[in-house]
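Trainee:
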Amino acid sequence: MSHLIVQVVLDTPLDFCFDYRYPVASEDTQLPQVGQLIVVPFGRRTEVGLVVGIKNHSEVNEKKLKDALSLVEGVPPLHREWIDLCRFAASYYQRSLGEVALPSIPKKIRHLGKLALKRALKSLDEKNGKFLSEREEKPQLHQAQQNAVSAIMHSCGFAPYVLYGVTGSGKTEIYLHSIEQVLDRSPDAQILVMVPEINLTPQLETSVCNRFPHENIATLHSRLTESERLKNWLKIASGKARIILGTRLAVLAPAPKLALIIVDEEHDPSYKQQEGLRYSARDLAVWRASQLKIPVVLGSATPSLESWQHVLTGRYIKLELPERAVKDAVLPAIKLIDTSKQLLNKGLSGELINAIQRRLEKGEQSLLFLNRRGYAPVITCEACGWISSCERCTAYMVYHKSHRLLRCHHCGLERPVPRVCPDCGNADLQALGQGTQRVEEGLKICFPDARVLRIDADSTSRKGSLQQALFSIHRGEVDIIIGTQMIAKGHDFRNLTLVGVLNPDTALFSHDYRSSERLFALLMQVAGRAGRSSLRVGANPSEVLVQTRYPMHPLYQATLSHRYEKYASELLAERKNAGLPPFGYQVLLTAESRKIETALAFLRDAAADIPCKDGIMINEPIPMAMMRIANMERAQMLIESNSRACLQHMLREWLPQLRSRKTGVRWQIEVDPLSI
Numbered sequence: 001m002s003h004l005i006v007q008v009v010l011d012t013p014l015d016f017c018f019d020y021r022y023p024v025a026s027e028d029t030q031l032p033q034v035g036q037l038i039v040v041p042f043g044r045r046t047e048v049g050l051v052v053g054i055k056n057h058s059e060v061n062e063k064k065l066k067d068a069l070s071l072v073e074g075v076p077p078l079h080r081e082w083i084d085l086c087r088f089a090a091s092y093y094q095r096s097l098g099e100v101a102l103p104s105i106p107k108k109i110r111h112l113g114k115l116a117l118k119r120a121l122k123s124l125d126e127k128n129g130k131f132l133s134e135r136e137e138k139p140q141l142h143q144a145q146q147n148a149v150s151a152i153m154h155s156c157g158f159a160p161y162v163l164y165g166v167t168g169s170g171k172t173e174i175y176l177h178s179i180e181q182v183l184d185r186s187p188d189a190q191i192l193v194m195v196p197e198i199n200l201t202p203q204l205e206t207s208v209c210n211r212f213p214h215e216n217i218a219t220l221h222s223r224l225t226e227s228e229r230l231k232n233w234l235k236i237a238s239g240k241a242r243i244i245l246g247t248r249l250a251v252l253a254p255a256p257k258l259a260l261i262i263v264d265e266e267h268d269p270s271y272k273q274q275e276g277l278r279y280s281a282r283d284l285a286v287w288r289a290s291q292l293k294i295p296v297v298l299g300s301a302t303p304s305l306e307s308w309q310h311v312l313t314g315r316y317i318k319l320e321l322p323e324r325a326v327k328d329a330v331l332p333a334i335k336l337i338d339t340s341k342q343l344l345n346k347g348l349s350g351e352l353i354n355a356i357q358r359r360l361e362k363g364e365q366s367l368l369f370l371n372r373r374g375y376a377p378v379i380t381c382e383a384c385g386w387i388s389s390c391e392r393c394t395a396y397m398v399y400h401k402s403h404r405l406l407r408c409h410h411c412g413l414e415r416p417v418p419r420v421c422p423d424c425g426n427a428d429l430q431a432l433g434q435g436t437q438r439v440e441e442g443l444k445i446c447f448p449d450a451r452v453l454r455i456d457a458d459s460t461s462r463k464g465s466l467q468q469a470l471f472s473i474h475r476g477e478v479d480i481i482i483g484t485q486m487i488a489k490g491h492d493f494r495n496l497t498l499v500g501v502l503n504p505d506t507a508l509f510s511h512d513y514r515s516s517e518r519l520f521a522l523l524m525q526v527a528g529r530a531g532r533s534s535l536r537v538g539a540n541p542s543e544v545l546v547q548t549r550y551p552m553h554p555l556y557q558a559t560l561s562h563r564y565e566k567y568a569s570e571l572l573a574e575r576k577n578a579g580l581p582p583f584g585y586q587v588l589l590t591a592e593s594r595k596i597e598t599a600l601a602f603l604r605d606a607a608a609d610i611p612c613k614d615g616i617m618i619n620e621p622i623p624m625a626m627m628r629i630a631n632m633e634r635a636q637m638l639i640e641s642n643s644r645a646c647l648q649h650m651l652r653e654w655l656p657q658l659r660s661r662k663t664g665v666r667w668q669i670e671v672d673p674l675s676i
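Numbering-wise, the sequence shown is residues 1 to 676 according to UniProt numbering.
#1: Rounding to the nearest angstrom, what Cα-Cα distance links GLY113 and GLU228 in this structure?
#2: Any idea what DSSP makes of SER133, helix, strand or coil?
#3: Count the other C-beta atoms from every protein chain shown that fall within 10 angstroms of the C-beta of HIS511, then say buried if there are 16 or more, exposed otherwise.
#4: Looking at the structure shown, is LEU305 part of a helix, part of a strand, or coil, going by DSSP?
#5: State the beta-bridge partners of CYS446 as determined by DSSP.
#6: Below 8 Å, how does it come out for the region 459-468 and the region 329-342: are there three or more Cβ pairs, yes or no?
#7: Among LEU348, GLU361, LEU406, which has the Cα closest to the Cα of ALA376?
#8: I need the DSSP call for ASP512, collapsed to helix, strand or coil.
#9: Output the distance between the C-alpha atoms of ASP505 and TYR550, rounded to the nearest integer angstrom.
#10: Does DSSP put ILE337 in a helix, a strand or coil?
#11: Are the region 445-460 and the region 349-361 touching, with three or more C-beta to C-beta distances below 8 Å?
#12: Which residues mark the beginning and the end of the beta strand (DSSP E) in which ALA159 is found?
#13: With GLN94 and VAL671 assumed to form a contact (beta carbons below 8 Å), what rounded beta-carbon distance in angstroms separates them?
#14: Output yes or no for whether 8 Å exceeds the beta carbon distance between residue 706 and LEU305.
#15: Contact check, GLN365 vs THR497 under 8 Å by CB: the rounded distance?
#16: Just tell me which of LEU14, ILE152, GLY170 has its CA closest to the CA of ASP492.
#17: From PRO611 to PRO582, what distance separates their C-alpha atoms?
#18: May I have the straight-line CA-CA distance separating TRP386 from VAL398, to the nearest angstrom?
#19: Starting from residue 731, follow its DSSP beta bridges and name the residues at the other end.
#20: Select from VAL166, LYS118, ASP15, PRO23 the residue whose C-alpha is nearest the C-alpha of HIS3.
#21: Would you decide whether ASP19 is buried or exposed? Buried here means 16 or more other CB atoms lie within 10 Å of its CB.
#22: Out of ARG282, LYS595, GLN273, ALA573, which has the shortest C-alpha to C-alpha gap to ILE261?
#23: Over the uninterrupted alpha helix (DSSP H) stretch that includes ASP283, give me the two end residues.
#24: Who are the Cβ neighbours of VAL311 in its own chain at under 6 Å, not counting the five residues just before and after it?
#25: Flag this pair as touching only if the region 261-278 and the region 287-301 have three or more C-beta atom pairs under 8 Å; answer yes or no.
#26: What number of angstroms, rounded off, separates the C-alpha of ALA255 from the C-alpha of LEU115?
#27: Cβ of GLY433 within 8 Å of Cβ of VAL378?
#28: Output the distance between the C-alpha atoms of TYR92 and VAL100, rounded to the nearest integer angstrom.
#29: Buried or exposed for ASP609, going by 16 or more other Cβ atoms inside 10 Å?
#30: Nearest to HIS177 by alpha carbon, out of ALA90, ASN232, PRO139?
#31: Taking the beta carbon of ASP338 as the centre, do at least 16 other beta carbons fall within 10 Å, making it buried, or is it exposed?
#32: Quick one: any contact between the region 242-249 and the region 185-199, if contact means 3 or more CB pairs under 8 Å?
#33: One question on the structure: do MET627 and HIS410 come within less than 8 Å of each other, judged by their Cβ atoms?
#34: On the CB-based measure, 16 or more other CB atoms within 10 Å of its CB, does VAL286 come out buried or exposed?
#35: Would you mind stating whether GLY483 and THR436 have Cβ atoms separated by less than 8 Å?
#36: Can you have a look at ASP268 and say buried or exposed, based on whether 16 or more other CB atoms are within 10 angstroms of its CB?
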């Protein structure tokens with residue numbers, strides 16, 4: 001019996017390959033290939049690994065090696081371009097190759113679910129099933145849309161496009177027309193379309209299935225069952241699925257024949273993974289397109305400042321859609337309501353209440369946006385000043401009236417609402433501030449005959465509940481919608497003519513330098529939900545009313561005129577003067593321990609170990625803004641440089657020393673952090 005020596009990576013932090021012997025019993029034995037999944041012994045466990053190389057016998061001492069057990073049957077070898085993508089992500093975000101590649105593979109493969117794998121393999125040729133009997137008729141494109149599609153289709157090799165258009169300008173139609181032309185041009189091409197949040201995938205899936213009823217479509221996101229994820233992943237890896245839809249994890253899908261990548265709402269921070277491998281799916285999508293020499297489309301009404309700067313310097317190509325796609329549909333008029341000069345009724349100004357009443361009389365829908373779920377941010381005692389703080393976090397516990405609970409939105413701790421003040425015994429406890437539940441209650445008092453629907457993480461926790469709520473809105477069964485960020489973007493409510501924005505001011509005073517950029521984008525997105533249909537004869541234009549105590553703030557003044565370019569240029573000038581992204585590069589080292597002093601001491605020692613400090617600025621370690629979560633104290637240290645290459649070189653030399661430390665402190669490196 002002869003052997004091959006295979007190099008295997010496993011899902012461990014150890015950044016090297018493991019060598020195994022692969023027995024070759026006869027000429028009929030299937031030989032392993034690079035990209036195949038293989039079952040190997042690892043310590044006392046059996047693990048599934050990825051073959052990344054074949055070695056010569058002379059390179060190793062075979063006597064010290066263990067035998068691989070078997071190849072994973074039925075799973076096609078993962079192509080080298082996908083392995084190179086994982087290798088790049090591992091190198092850039094400072095993780096091992098196994099930590100990138102293996103978690104992107106369905107659990108039922110890694111846990112050797114042979115029966116589930118067998119069933120999934122049988123279903124590879126099944127179509128999506130959610131399609132009409134005939135292809136849906138395509139809307140006619142206006143000139144700017146036609147120009148955008150033509151530019152994308154005439155790309156030669158790698159071409160990064162920023163599809164910049166006002167909300168409702170028809171970006172989705174450009175995606176669909178581009179997909180159609182790519183599929184017609186190449187019989188085996190695959191297209192990847194990403195959206196930032198799971199709740200946007202059903203709407204996208206419906207549009208794509210209706211337009212391409214006979215194509216094999218696969219969806220990838222974290223709410224799929226393991227069986228669904230396995231089936232869809234196999235469709236993608238085998239090349240059967242021609243259209244791939246998904247959230248950020250879809251960027252690591254092993255599609256062997258990608259011809260086009262589309263990233264919708266590319267500015268959205270949800271594209272950045274916040275746990276484990278902290279990657280930016282948008283940035284990996286651009287790298288992947290460059291690797292494969294294909295076009296990538298980054299769509300947004302408010303592009304990220306990083307992408308906009310690339311447009312200004314000529315690295316990215318701008319495709320502009322200055323008008324709404326529906327004829328006679330106009331952008332809503334935005335008005336600021338100064339709440340410092342008037343009393344509010346149930347959190348609503350008199351002007352907003354009157355505007356809602358007018359829409360109700362006309363049979364039109366209104367949307368109130370408040371990015372705070374629950375009934376009230378805190379419960380307090382006016383007698384002694386007690387506040388409902390979380391005992392495990394440096395945060396307040398939010399009052400959820402429907403369940404009579406105080407709940408921490410950071411660690412999940414729940415407590416019943418006390419009958420009296422825990423400190424002084426006062427029975428008159430007050431709810432301070434507004435959450436979506438409290439606004440919903442106020443709306444039902446102000447408009448007793450209106451049909452009010454609340455959409456937030458609490459009201460849509462059951463599977464399918466969000467989709468059912470959206471169907472109700474589209475069918476006209478709802479008059480007033482109150483919701484959080486999950487309804488601020490992507491949704492097309494044709495009868496919605498009024499948007500009210502409640503209490504957006506907190507973002508103006510955030511310690512995070514990106515907060516203004518995010519608030520502006522959020523206001524533009526939520527404003528874009530109004531006025532998406534043609535203006536009827538005699539009807540009033542749609543409007544957006546923003547309740548704020550600071551109406552003269554430059555951000556709100558820029559919002560009034562829908563002037564993204566002007567505000568973006570101001571923010572870019574500020575960032576350039578401060579050396580902040582996109583003009584500088586950052587790495588964030590966070591540490592957590594039972595005591596904040598221990599975490600800070602770890603960071604100071606880590607800073608002292610940085611080997612090459614030329615061109616590197618190391619900021620003083622400080623406690624994080626949310627210092628304690630679940631009884632763990634957290635601190636951070638920001639490292640900056642005006643050279644990405646310099647920062648990466650430093651990390652490659654520094655992190656092996658950091659990993660060798662035995663401190664008992666949990667730490668995490670994040671390259672290109674979105675929040676500091």
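Each residue gets a CB set at the ideal place from its N, CA and C atoms; glycine is no exception.
Mentor: Once the coordinates are examined:
#1: Counting from one through the sequence shown, the residue named residue 113 turns up at place 113. Counting from one through the sequence shown, the residue named residue 228 turns up at place 228. So the two alpha carbons sit approximately 13 Å from each other.
#2: Locating residue 133 in the sequence shown gives position 133, where the first residue counts as 1. With a pLDDT of 45 at SER133, under the threshold of 50, the modelled position of that residue is not reliable, and the figure given next carries that caveat. SER133 falls in the coil class under three-state DSSP.
#3: Here residue 511 corresponds to residue number 511 of the sequence shown, with the count starting at 1. By the beta-carbon neighbour count (other beta carbons within 10 angstroms, threshold 16), HIS511 is exposed.
#4: Start at 1 with the first residue of the sequence shown, and residue 305 comes out as number 305. Of the three classes helix, strand and coil, the one that applies to LEU305 here is helix, per DSSP.
#5: On the sequence shown, residue 446 is found 446 positions in, with the first residue counted as 1. Beta-bridge partners assigned by DSSP to CYS446: none are found.
#6: No, they do not touch.
#7: As a first step, residue 376 is located in the sequence shown; it is residue number 376 there, counting from the start. Per the Cα distances, LEU406.
#8: The count along the sequence shown starts at 1 and reaches residue 512 at position 512. ASP512: coil per DSSP, three-state reduction.
#9: Reading the sequence shown from its first residue, position 505 is the one you call residue 505. Reading the sequence shown from its first residue, position 550 is the one you call residue 550. If you take the alpha carbons of ASP505 and TYR550, they lie about 8 Å apart.
#10: Taking the sequence shown and counting its residues from 1, the one referred to as residue 337 is at position 337. Here ILE337 sits in strand by DSSP.
#11: With a cut-off of 8 Å, the region 349-361 and the region 445-460 count as touching, because enough Cβ pairs lie within range.
#12: Against the sequence shown, residue 159 aligns to sequence position 159. Taken as a continuous stretch (DSSP letters only), the beta strand (DSSP E) holding ALA159 covers 159-165.
#13: Walking along the sequence shown from the start, residue 94 turns up at place 94. Walking along the sequence shown from the start, residue 671 turns up at place 671. With a Cβ gap of about 6 Å, GLN94 and VAL671 count as contacting.
#14: No answer is possible for residue 706: the residues shown for the chain start at 1 and end at 676.
#15: As a first step, residue 365 must be located in the sequence shown, where it is residue number 365. As a first step, residue 497 must be located in the sequence shown, where it is residue number 497. In this structure GLN365 touches THR497 by the C-beta definition: roughly 7 Å separates them, less than 8 Å.
#16: For this step, residue 492 is matched to residue 492 along the sequence shown. When LEU14, ILE152, GLY170 are compared, the shortest CA-CA separation from ASP492 is found for GLY170.
#17: Translated into positions along the sequence shown, residue 611 becomes position 611. Translated into positions along the sequence shown, residue 582 becomes position 582. If you draw a straight line from the Cα of PRO611 to the Cα of PRO582, it comes to about 25 Å.
#18: Within the sequence shown, the letter at position 386 stands for residue 386. Within the sequence shown, the letter at position 398 stands for residue 398. Their backbone Cα atoms lie some 14 Å apart in a straight line.
#19: Since the first residue shown for the chain is 1 and the last is 676, residue 731 is missing from the structure and cannot be characterised.
#20: The count along the sequence shown starts at 1 and reaches residue 3 at position 3. For HIS3, the nearest C-alpha among the options comes from PRO23.
#21: Within the sequence shown, the letter at position 19 stands for residue 19. So ASP19 ends up on the buried side.
#22: The sequence position of residue 261 within the sequence shown is 261, counting from 1. Per the Cα distances, ARG282.
#23: Taking the sequence shown and counting its residues from 1, one reaches residue 283 at position 283. Unbroken alpha helix (DSSP H) run through ASP283: 281-292.
#24: On the sequence shown, residue 311 is found 311 positions in, with the first residue counted as 1. For VAL311, where only same-chain residues beyond five positions count, the Cβ hits under 6 Å are VAL162, LYS318.
#25: Three or more Cβ pairs closer than 8 Å define a contact, and the region 261-278 meets that threshold against the region 287-301.
#26: The residue given as residue 255 occupies position 255 in the sequence shown. The residue given as residue 115 occupies position 115 in the sequence shown. Roughly 24 Å between the two C-alpha positions.
#27: In the sequence shown, counting from the first residue as 1, residue 433 sits at position 433. In the sequence shown, counting from the first residue as 1, residue 378 sits at position 378. A contact, by the Cβ cut-off of 8 Å.
#28: Taking the sequence shown and counting its residues from 1, one reaches residue 92 at position 92. Taking the sequence shown and counting its residues from 1, one reaches residue 100 at position 100. If you take the alpha carbons of TYR92 and VAL100, they lie about 11 Å apart.
#29: On the sequence shown, position 609 is the one that residue 609 refers to. Of the residues assessed, ASP609 falls on the exposed side of the cut-off, its CB having fewer than 16 other CB atoms within 10 angstroms.
#30: Mapped onto the sequence shown, residue 177 falls at position 177. It is PRO139.
#31: Walking along the sequence shown from the start, residue 338 turns up at place 338. In summary, ASP338 is exposed, with fewer than 16 beta-carbon neighbours lying within 10 Å of its beta-carbon over all protein chains present.
#32: Yes, the region 242-249 touches the region 185-199.
#33: On the sequence shown, residue 627 is found 627 positions in, with the first residue counted as 1. On the sequence shown, residue 410 is found 410 positions in, with the first residue counted as 1. Between MET627 and HIS410, the C-beta gap is not smaller than 8 Å, which leaves the two residues out of contact.
#34: Walking along the sequence shown from the start, residue 286 turns up at place 286. When all chains shown are included, VAL286 counts as buried.
#35: Here residue 483 is taken as the residue at index 483 of the sequence shown, counted from 1. Here residue 436 is taken as the residue at index 436 of the sequence shown, counted from 1. Taking 8 Å as the Cβ cut-off, GLY483 and THR436 qualify as a contacting pair.
#36: Start at 1 with the first residue of the sequence shown, and residue 268 comes out as number 268. Residue environment: ASP268 is assigned as buried (16 or more neighbouring CB atoms within 10 Å of its CB, all protein chains considered).
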